[in-house]
Every structure is written in structure tokens, then in C-alpha cells.
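Novice: The opening position of the sequence shown corresponds to residue 259 in this note's numbering, with each subsequent residue numbered one higher. There's a structure below that I have some questions on.
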Amino acid sequence: MKTHIAILGGCGHVGLPLGITFASRGYAVTLVDINARAVKMVNDGIMPFVEAGGEEALKSVIGKFLTAMTDGAVLKDSDVVIVVTGTPVDNHLNPRVSDVTDVIDQYLPFLNSSQLLVLRSTLAPGVTELIWKHLKKEKPGLKLAFCPERVAQGYAIEEIYNFPQIVSAFEADAEDRAAELFSAIAPEILRLTPREAELAKLFSNTWRYIHFAIANQHYMIAESCGADFQRIYHALTHNYPRLKNLARPGLTAGPCLFKDTMQLSASYNNNYFLGHAAMLVNEGLPTFLVEQLESKMQGLEGKRIGLLGMAFKPDHDDTRESLSYKVRKVLRTKMAVVLDTDVYQPTHAKLDEILKTSDGFILGVPHTEYRDLKLGNRPFVDCWGVWTPTPDLSQSPIKRTPSSTKRAEQMNRV
Ligand SMILES: NC(=O)c1ccc[n+]([C@@H]2O[C@H](COP(=O)([O-])OP(=O)(O)OC[C@H]3O[C@@H](n4cnc5c(N)ncnc54)[C@H](O)[C@@H]3O)[C@@H](O)[C@H]2O)c1
């Protein structure tokens, strides 16, 4: 008999690609989600968000191995239940642990002692243990594992098949069942304790958040002292393998990196200085960009500013926690007239008009469609470095006078 998998939060950015992946391996997968609109779209074979290769992969399994519904009663007939609902932080930047425990309690009546429950949301350290102890009382015999998701949003289907899967549990049989399950889709299984697995996932996201903050702070330092950061970046990375992975500056946002850095900090008595420093840098970049444009335009009051790209990452439609909205807010406090647009929003229809009528521009996110735009001589700010040609560093930056050129020529002859 086919293993039946139910995924709670199954029509979300993690749940849906995971469900498609298991379904494509022949598992019977049911996505359970409270978002009725997303459930309908999925059953109609339409991806509710941008995911590389998603639509094609969804169409190949929907109605055969995959189905979506809002009714959680289906869990009663499932061998495995995977939880991938959101795990945000609250207004004080502490993990909202009850978000995940409430979901488990909501579906508790449908769980039974023969099932494997897999937590896949990103959890603060200790939350797996908390849930394990809770379930031991409420559902004795139920097996619990924590198997974090490590894909980059938008590329999940491709990455799930290629990356090792971290598997953890408090009991050996739970760990073995989870390892067997994920062996169907992942090339390798890495076994950690639940605490190690929780930290591994958080370390991965906070490392990226800090890495981007380094680029962002270096960008702000360079530009503040009149140096062109993109030229420096090119010099640092050109044929210099040690720095080939150096991050580029950019608005560092999205639903995971910031909140996971804060989750880690909260679990370490808020002594995660690197994480907090990164937050100050990354969250400070929008104001810096606006001030750069303000200085180039000698003020922003009444000026029409085209803000291109509202998503949190290039070529993606997700605007969750996007810092482009902070840029817009800061521009408005300077009394600029903001004309924002995004390729994935209805405002895209206004792009031509925005390009024609704006006095200046800020690049919010470098969607492919924005890379080769003609802005004329109008001022712009682009921390991503896509609107300036790759510098030719074999040419001297020194502005030559006719006499110095002549002298150089003479010296060359000697
Ligand atoms: N987005 C990513 O690329 C990514 C990558 C790795 C890990 N994560 C982690 O995965 C988790 C989910 O993130 P996401 O981006 O997929 O979030 P999401 O908001 O895209 O998906 C969550 C889904 O859960 C549904 N949901 C909420 N409450 C529910 C309930 N009570 N019952 C059923 N469904 C419910 C929502 O409708 C939504 O569709 C988070 O912990 C996140 O940190 C996300």
C-alpha cells in the first residue's frame, strides 16, 4: 500500500514544492491548508507563487498523486504528517512558539499513535523538545521528527532533489522512519540531534544574513566616502578565487533571514551581537539609499521617484518583509511622489509611464526586466550594481591632462 503523506501548510512556499516532490516519487500526498484560494489554485494545476519548474511539475501529479484541501480530517488516514506552517517572530522579536504548537493542537484529534509527525518549519532551539514532551502526554506512541527545510525560495523543487536532508528525532525508530521517508527525495541523509538540527537551520540563515550585511555595510562605507563600491567589488573578485563568493549589496529581506536571526538571538539571551549588528546594517540600508538619491537630486520634495521592484528577491513575486516598502516609506517622509512598480504586480502596466515621467529612480530589486532599462541622464540609486556597466579596471581612473598623457608616452618610450 502506498504511504500517505499529509502536509499541514501544504499550499505554502515550502509545503507545496515538498508535496510535489513526494508525489512525483509516487507517494499519495494531501496538502492541507487554511488558504482556500491557494487550495483551489493548486487543484486547478496553478502555482499560487513563482517556483522554478513548479507549474509543469504540479500539473504532472495533481489529481493523480497529489490533492489539496482545507479539511484536516484527512490526517486520520495518513501515515506521515508534515508540518510546514509559518514560525514568525513577534513585535518584540521573540519567536511566536505558540504559532506552531497551536497548529499541532488544532489537528491533535486527527493524529494517532501509528503516525510519524515531521516538523519542517524553522524552529527556535528547544521547540522540538517542547512539542515532543507535549505529544508524549497527548498522543503516546506517535513518533516525532524534526527535518528542517533548507531550500532557497523559488528553487525548492530543484534543490530538494540535490541537497542532503538533515534528519533528527529523540527516538531511534522515529529517526529511522524519517530517514527512510526523505531518502525517497534527497540524495543523502545527515543525522543530528533535534537541538543540533534546529541550530543548523538557524546558523545557515543567519550566516547568509550576516554575509549580506557585510556587503551592505561595505557599500555604505565606500559610497559615503565618495568611492565607487562596484569598482571595488570588481577589483576584489576579479580572478581572485578567495573572494569569489563575496556577497553583493542589496536590500536583504524576505520572510526568513531577519526573523531567523532574531529567533537565534532570542534563544541566546539576546547576546547574538553579530546578528543584531547585521540587522542594524540591513534594516538601515533603505534610508541610506534614499539619502543617496536625495543628495544626487538636491532634495526630494515634490520630485517623482520611480521605485522599481517591490518583491524581496529578483525574479520572484513574494513581497513578504520586502525592504522596498521601507524605501517607499522613507521616500514619502521626504515628500517625494513615489511611483512604485513590480513585474509581478498590476503596477507593471505603468512601467513605461514611470520610466518616462520620473525625475529619479531607485532600484528596489533587480528583476530581469529592469536590467537593461534606459534611464537617460536622470539620477538613480542602484546598490545591486546592475545599472552600471562592469568597470574596465585595466584603464586608469586618473583623469589625464594632455601634458600628463604626453609625459606617460615619453616614459613608455624610454
Ligand atoms: N520560504 C522559504 O523558502 C523557506 C525555506 C526554508 C524554511 N522555511 C520555513 O518554513 C516555514 C513555512 O514557511 P513558508 O514560506 O512556506 O510560509 P508560507 O506562509 O508560504 O506557508 C505557510 C502555509 O501555512 C498555511 N497555514 C497557516 N496556518 C495553517 C493551519 N492552521 N492549518 C493549515 N495550514 C495553515 C498558510 O495558509 C500557508 O499557505 C517557516 O517556518 C519558514 O521559516 C521557509
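Beta carbons are placed, not taken as given, at the ideal position from N, Cα and C, and that holds for glycine.
1. Excluding the 5 residues flanking residue 366 on each side, which residues of the same chain have their C-beta closer than 8 Å to its C-beta?
2. Just checking my contact of residue 448 with residue 424 at CB under 8 Å: how many whole Å lie between their CB atoms?
3. List the DSSP bridge partners of residue 339.
4. In the DSSP assignment, find the alpha helix (DSSP H) that holds residue 273 and state where it starts and stops.
5. Is any heavy atom in ligand 1 found nearer than 7 Å to the beta carbon of residue 343?
6. With distance defined between alpha-carbon atoms, name the residue in 328, 603, 517, 522 nearest to residue 458.
7. Just to confirm, are residue 473 and residue 506 a CB contact at a threshold of 8 Å?
8. Please confirm whether any heavy atom of ligand 1 lies closer than 7 Å to the CB of residue 407.
9. Going by the beta-carbon positions, is the gap between residue 261 and residue 329 smaller than 8 Å?
10. Tell whether a beta-carbon distance below 8 Å holds between residue 363 and residue 345.
11. Got a sec: does ligand 3 put a non-hydrogen atom nearer than 7 Å to the Cβ of residue 380?
12. Give the DSSP bridge partners of residue 598, in chain order.
13. Whole angstroms is fine: what's the gap from residue 391's alpha carbon to residue 264's?
14. When burial is assigned at 16 or more other CB atoms within 10 Å of the CB, is residue 526 buried or exposed?
15. Taking the straight line between their C-alpha atoms, what separation do you get for residue 569 and residue 599?
16. Let me check you understand the geometry: is the CB of residue 595 closer than 7 Å to at least one non-hydrogen atom of ligand 1?
17. Do you know whose CA, among 295, 583, 538, 621, lies nearest residue 564's CA?
18. If we call anything under 8 Å between Cβ atoms a contact, is residue 536 one with residue 519?
Specialist: Taking the structure as given:
1. Numbered from its first residue, the sequence shown carries residue 366 at position 108. Here the set comprises 396, 397.
2. The residue you call residue 448 lines up with position 190 of the sequence shown. The residue you call residue 424 lines up with position 166 of the sequence shown. Residue 448 to residue 424, Cβ: 5 Å. Contact.
3. Taking the first residue of the sequence shown as position 1, residue 339 is located at position 81. Paired residues: 264, 375.
4. The count along the sequence shown starts at 1 and reaches residue 273 at position 15. Here the alpha helix (DSSP H) through residue 273 covers 273-282.
5. Looking up residue 343 in the sequence shown gives position 85. Yes, the Cβ of residue 343 comes within 7 Å of a heavy atom of ligand 1.
6. Translated into the one-based positions of the sequence shown, residue 458 becomes position 200. The shortest Cα separation from residue 458 among 328, 603, 517, 522 belongs to 522.
7. Position 215 of the sequence shown holds residue 473. Position 248 of the sequence shown holds residue 506. Against a cut-off of 8 Å, the Cβ pair of residue 506 and residue 473 comes out as a contact.
8. Walking along the sequence shown from the start, residue 407 turns up at place 149. Yes, the Cβ of residue 407 comes within 7 Å of a heavy atom of ligand 1.
9. The residue labelled residue 261 in the question sits at position 3 within the sequence shown. The residue labelled residue 329 in the question sits at position 71 within the sequence shown. No, they are not a contact pair.
10. Along the sequence shown, read from residue 1 onward, the residue named residue 363 stands at position 105. Along the sequence shown, read from residue 1 onward, the residue named residue 345 stands at position 87. Contact flag unset, no.
11. Of the ligands one can find in the structure shown, namely ligand 1, none is ligand 3.
12. For the purposes of this step, residue 598 is identified with residue 340 of the sequence shown, where counting begins at 1. Looking at the DSSP assignment, residue 598 forms a beta bridge with 565.
13. The count along the sequence shown starts at 1 and reaches residue 391 at position 133. The count along the sequence shown starts at 1 and reaches residue 264 at position 6. Each residue's Cα considered, the two are about 22 Å apart.
14. Indexing the sequence shown from 1 puts residue 526 at position 268. By the neighbour-count rule (16 or more Cβ atoms within 10 Å), residue 526 is not buried but exposed.
15. Numbered from 1 along the sequence shown, position 311 holds the residue referred to as residue 569. Numbered from 1 along the sequence shown, position 341 holds the residue referred to as residue 599. Their backbone Cα atoms lie some 10 Å apart in a straight line.
16. Position 337 of the sequence shown holds residue 595. Checking the Cβ of residue 595 against ligand 1 gives no.
17. As a first step, residue 564 must be located in the sequence shown, where it is residue number 306. The candidate whose alpha carbon is nearest that of residue 564 is 621.
18. Along the sequence shown, one-based indexing puts residue 536 at 278. Along the sequence shown, one-based indexing puts residue 519 at 261. In contact: residue 536 and residue 519 (Cβ atoms closer than 8 Å).
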